[in-house]
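Worksheet: one structure, shown below.
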Amino acid sequence: MRILASNIETGEEFDSIQIAYSSEEEMISLILWHLDDVVVLGPESLKRSVIEALSQLVEIHG
């Protein structure tokens with residue numbers, strides 16, 4: 019994901035990156051691919067969409 023970042027802030031325990039995207043579906047797929055290595059801080063609509071996608075995965079796969 020770093021290669022897509024427009025801004026990277028390096029921290030002691032984690033790095034914060036900003037990624038511009040045009041397709042929310044593609045961004046959700048990328049986030050889900052990285053599993054718990056990613057925490058979505060914003061925008062709020064993307065956070066909600068990722069939570070919904072994760073909920074659907076749990077519903078389907080238990």
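The sequence shown maps to residues 19 to 80 in this note's numbering.
Ideal Cβ placement from N, Cα and C applies to all residues, glycine included.
Fair warning: this is a prediction, and the values are worked out from it, not measured in the lab.
Have a look at Y39 and G80 and give me their C-alpha separation to the nearest angstrom. Spanning the two alpha carbons is a distance of roughly 30 Å.
Rounded straight-line distance, which links the Cα of Q36 to that of I26: Near 7 Å, if we compare the C-alpha coordinates of Q36 and I26.
Provide the residue(s) that pair with E63 in DSSP beta bridges, ordered along the chain. Checking the sequence, you will find Ser at residue 63 rather than Glu. Paired residue(s): none; S63 is not in a bridge.
Can you tell me whether A38 is helix, strand or coil according to DSSP? The answer is coil: DSSP assigns A38 none of H, G, I, E or B.
Beta bridge counterpart(s) of I26 as assigned by DSSP: Beta-bridge pairing links I26 to I35.
Quick one, which of L48, L64, I69 and L72 has its alpha-carbon nearest I21's? Shortest Cα-Cα distance from I21 to any of L48, L64, I69 and L72 involves L48.
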